[in-house]
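Heads up, the thing below is written out as structure tokens.
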Ligand SMILES: Cc1cc2nc3c(=O)[nH]c(=O)nc-3n(C[C@H](O)[C@H](O)[C@H](O)COP(=O)(O)OP(=O)(O)OC[C@H]3O[C@@H](n4cnc5c(N)ncnc54)[C@H](O)[C@@H]3O)c2cc1C
Ligand code: SF4
Ligand code: SF4
């Protein structure tokens, strides 16, 4: 028989306000095995913990129940308390009488009754608890960064500078992300390429950083400190080691009619291409859907001109397997597709563009070499209308996103200002619902657009854009301050499209068992206190994959994630959770049900010799759990049809005892 | 039958079946409205007037008869607010208050002719039928 101590916490008035803690302690005193039951204002305080430690020693307790807040909050605290008094920490049970009781009940009587029941269940469980000893697992001192935008690059640089090797996996042929496509950056208006490309080069030249460009994560196994990742290197048809990036093949390639994704389809590239001049790695890539040689077998010009002999039309996708201690997700964002917003005529007129397209139209390396020209006729536009919140803040409507995309107010102010600065003859309107500029020097920036540059900010939304026969665009909009409906004849309309996570983020989250919100942004472990960690141990978050952000914020988070990774990688080993599964070999029938459900790949099968009751021996296939890989999620215990799988610390009999105690 | 301000507000909101508080005052409805210039109150104002309980003013305004029931505002509203539904509700409240039924379903077939667009009948039915 266990000797159990029960400690009921008031949590100030948090619990004591709706639960009669004296009554709870009194009632639990008479439960079997309970030798002491008491209450105290704050059990987690120094004094509260001393009370528990003294009771463990004085009453020779073999198990304790703390009726307090959620185990997520203070289970670790009370386990340490028990250990300090010489009690095995896994002989501690928490009855959550705060989040699951006092906070959700208003009536003292009901709350008290429920608290007693929860306490009783925990006591029933402690009777069946057994001391457990946590093992240790080594930490692989290498990090993986998925996504090579500014977020991924910054995280990788910071980790590498601390001396740990980092691999960056980037799905595109070059790193750089969206920042490489942006022209100038708010709020300082320095050129994006001038501040980004040195960082790209730093990453490429860092002896601790290895870039897998044009690659994807294909499989993730393992757990914090010991992930095993399969990386798919997509076939470029060019040997990245031999290719010098001279660009001769690009020049000579006769197939020049492929929409150029780097310029968002606003000009053409050749079938063999280097996305932009400062690409890292600067290696050519053949687009197999456009290449004449690959489609028809005829041509092969690039192989003839390539002096390095880098072209290889037979190249296949290849796979690499590598082990990592930590994984950082930095998969960024994309502007949403505007097909559903036909009121803005995006699909009807080339002169209606997204803001990212506008960046390319003003970029010296863009399709118009930096001169702002109307896509339809290449003429200089005189009247420009910018529309904010296109697809953002849509809630209850069938299209768009419910959240604010956060960056659009600032980049629209930037675009409007730059238009007026470079082309003073232009008339620039910005239609806004709210202007949100809560950042350092942000509001000043927006006000400059209005006060110094004379951008016409109008409170109201555009309802309709109608392309006219003369090539202009008729913009019908609200001016809510003047109480007018405006009709503006514009030459160009620029839509600040909402941004959303990359499409590949959801399948990646499944591979990583990392959680996401309903919008497919990765969720952080705690929205305030752990903003760069995912709830899955060893998986960290950097940049827009976690939520819309501008560059300063992205870079801060990227460095924050790096600090967390470094904190993990400096450790030689991690304490394992001893609450892992094990199978009873005598009951296991080797059906594989558990292996199929295990998200961590912790279960394997062995053929073992068993002595049968009739003294013969038989070879049977049985499951065995690798305790270093098992995370104790319990999926296998539910799947096992023969009841052979069980979880330490949460055994079937312990759970049943709790249920029985509740139903008593 | 006449109601006090608060009940009237509740009746209109319930009939419309949409929540005026979802409006973020973007004005996209009024930007879309083809009858804007004919109205003294405009679609985004229908919403704020309902929220503020100014139903009598709305019921007595020309706007509720100028609305074409084209539902462009409903289609474009990013928040699913449906300004036109408030207009319909205000019209209905008025008609019910006056105890009149100006257009009965049985009368419709007789009024149909080649020159009259179907939309006009539908619109008239929405406005004048109880
Ligand atoms: C029009 C416009 C103008 C802007 N102007 C400014 C400005 O002036 N100032 C400012 O501060 N901010 C600006 N921003 C915001 C800025 O673009 C972002 O803050 C920044 O790019 C975020 O970086 P990121 O690395 O998180 O994401 P991204 O730049 O999107 O990078 C993500 C990278 O991950 C890769 N990737 C995605 N999925 C996978 C996968 N499954 N596997 C491997 N790789 C993957 C992508 O190919 C990409 O390279 C602007 C944004 C827009 C749309
Ligand atoms: S083989 Fe393909 S990539 Fe090479 S030059 Fe011909 S079309 Fe271009
Ligand atoms: S469009 Fe919708 S959200 Fe915008 S002002 Fe009109 S009713 Fe309000």
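Protein chains in written order, with the working numbering: chain L, 394 to 1057; chain A, 2 to 131.
Glycine included, C-beta positions come from ideal geometry on N, C-alpha and C.
All figures in this text were calculated on a predicted structure; none of them were measured in a lab.
For residue j and residue i, believed in contact at Cβ under 8 Å, the rounded distance
i: residue 535 of chain L; j: residue 717 of chain L; result: 5 Å
i: residue 105 of chain A; j: residue 66 of chain A; result: Not confirmed; about 19 Å, so no contact.
i: residue 901 of chain L; j: residue 610 of chain L; result: 6 Å
i: residue 941 of chain L; j: residue 798 of chain L; result: 5 Å
i: residue 16 of chain A; j: residue 69 of chain A; result: Going by Cβ atoms, the distance from residue 16 of chain A to residue 69 of chain A rounds to 19 Å, so no, they are not a contact pair.
i: residue 678 of chain L; j: residue 666 of chain L; result: 6 Å
i: residue 626 of chain L; j: residue 710 of chain L; result: 7 Å
i: residue 426 of chain L; j: residue 394 of chain L; result: 6 Å
Which of helix, strand or coil DSSP assigns to residue i
i: residue 72 of chain A; result: coil
i: residue 943 of chain L; result: coil
i: residue 667 of chain L; result: coil
i: residue 844 of chain L; result: helix
i: residue 656 of chain L; result: helix
i: residue 929 of chain L; result: coil
i: residue 1004 of chain L; result: strand
i: residue 35 of chain A; result: coil
i: residue 512 of chain L; result: helix
i: residue 1035 of chain L; result: coil
i: residue 408 of chain L; result: helix
i: residue 395 of chain L; result: coil
i: residue 651 of chain L; result: strand
i: residue 865 of chain L; result: coil
i: residue 2 of chain A; result: Since pLDDT at residue 2 of chain A reaches only 48, below the 50 mark, its modelled position is unreliable, and the value read off the structure follows with that caveat. Coil at residue 2 of chain A, not helix or strand.
i: residue 728 of chain L; result: strand
i: residue 1044 of chain L; result: coil
i: residue 835 of chain L; result: helix
beta-carbon residue i near ligand 1 non-hydrogen atom, thresh 7 Å
i: residue 728 of chain L; result: yes
i: residue 942 of chain L; result: yes
i: residue 804 of chain L; result: yes
i: residue 906 of chain L; result: no
i: residue 838 of chain L; result: no
i: residue 584 of chain L; result: no
i: residue 545 of chain L; result: yes
i: residue 654 of chain L; result: no
i: residue 1051 of chain L; result: no
i: residue 768 of chain L; result: no
i: residue 888 of chain L; result: no
i: residue 895 of chain L; result: yes
Any non-hydrogen atom of ligand 3 within 7 Å of residue i CB
i: residue 855 of chain L; result: no
i: residue 77 of chain A; result: yes
i: residue 40 of chain A; result: no
i: residue 50 of chain A; result: no
i: residue 68 of chain A; result: no
i: residue 45 of chain A; result: yes
i: residue 491 of chain L; result: no
i: residue 25 of chain A; result: yes
i: residue 30 of chain A; result: yes
i: residue 80 of chain A; result: yes
i: residue 84 of chain A; result: yes
Ligand 4 heavy atom lying under 7 Å from the CB of residue i
i: residue 501 of chain L; result: As far as ligands go, the structure on display features ligand 1, ligand 2 and ligand 3 and does not contain ligand 4.
Note to self: Closer than 8 Å is the cut-off here; do at least three beta carbon pairs connect the stretch 31–43 of chain A with the stretch 1042–1056 of chain L?
What the structure shows: Too few Cβ pairs lie closer than 8 Å, so no.
Next item on the list: State whether the stretch 935–950 of chain L contacts the stretch 539–558 of chain L, with contact taken as three or more CB pairs (one from each stretch) at a distance under 8 Å.
Entry: Segments in contact, yes.
Next item on the list: For the stretch 45–126 of chain A, list the alpha helix (DSSP H) runs that are entirely contained and at least 4 residues long, ordered along the chain.
Entry: As far as the stretch 45–126 of chain A is concerned, its whole alpha helix (DSSP H) runs of at least 4 residues are 56–60, 64–67, 73–77, 84–99, 109–112.
Note to self: With three or more beta-carbon pairs closer than 8 Å as the criterion, would you say the stretch 453–468 of chain L touches the stretch 494–513 of chain L?
What the structure shows: Counting C-beta pairs with one atom in each stretch, the stretch 453–468 of chain L and the stretch 494–513 of chain L have three or more that are closer than 8 Å, which means they touch.
Margin query: Taking 8 Å as the cut-off, does the stretch 416–429 of chain L touch the stretch 472–479 of chain L (at least 3 CB pairs, one atom from each stretch)?
Written below: Contact check between the stretch 472–479 of chain L and the stretch 416–429 of chain L: fewer than three CB pairs, one atom from each, fall below 8 Å, which does not count as touching.
Item checked: Three-pair Cβ contact test at 8 Å for the stretch 108–118 of chain A versus the stretch 48–62 of chain A -> No, the stretch 108–118 of chain A is not in contact with the stretch 48–62 of chain A.
Check: Do the stretch 909–923 of chain L and the stretch 691–706 of chain L touch if we need at least three Cβ pairs shorter than 8 Å?
Finding: By the criterion of at least three beta-carbon pairs nearer than 8 Å, the stretch 909–923 of chain L is not in contact with the stretch 691–706 of chain L.
Check: Three or more C-beta pairs closer than 8 Å, one from the stretch 806–819 of chain L and one from the stretch 774–781 of chain L: is that the case here?
Finding: Yes, the stretch 806–819 of chain L touches the stretch 774–781 of chain L.
Check: Residue ranges of each alpha helix (DSSP H) run of no fewer than 4 residues wholly in the stretch 452–501 of chain L, ordered along the chain?
Finding: When DSSP assignments are scanned along the stretch 452–501 of chain L, the uninterrupted stretches of alpha helix (DSSP H) that are 4 or more residues long and fall wholly within it turn out to be 464–477.
Notebook entry, point to check: What are the start and end residues of each continuous beta strand (DSSP E) run of 3 or more residues lying completely inside the stretch 588–620 of chain L, in chain order?
Noted result: Counting whole runs of 3 or more residues, the stretch 588–620 of chain L contains the beta strand (DSSP E) stretches 602–605, 608–616.
Notebook entry, point to check: Using 8 Å as the threshold, is the stretch 873–893 of chain L in touch with the stretch 745–753 of chain L, meaning 3 or more CB pairs across them?
Noted result: Yes, they touch.
Notebook entry, point to check: Can you give, in chain order, each stretch of the beta strand (DSSP E) that sits fully within the stretch 413–455 of chain L and has at least 3 residues?
Noted result: If we require 3 residues or more, the beta strand (DSSP E) runs fully inside the stretch 413–455 of chain L come out as 427–433.
Notebook entry, point to check: Per the contact definition of three or more C-beta pairs closer than 8 Å, is the stretch 952–966 of chain L in contact with the stretch 994–1007 of chain L?
Noted result: No, the stretch 994–1007 of chain L does not touch the stretch 952–966 of chain L.
Checklist line | Entirely enclosed alpha helix (DSSP H) segments - the stretch 523–590 of chain L, minimum 4 residues | finding: The qualifying runs are 543–554.
Checklist line | Residue ranges of each alpha helix (DSSP H) within the stretch 687–767 of chain L, 4 or longer | finding: Positions of the alpha helix (DSSP H) runs, each at least 4 residues long and wholly inside the stretch 687–767 of chain L, are given as 694–698, 748–754 in order along the chain.
Margin query: Would you call the stretch 973–981 of chain L in contact with the stretch 564–571 of chain L, where contact means no fewer than 3 C-beta pairs closer than 8 Å?
Written below: No, because fewer than three Cβ pairs between the stretch 973–981 of chain L and the stretch 564–571 of chain L fall closer than 8 Å, the two stretches do not touch.
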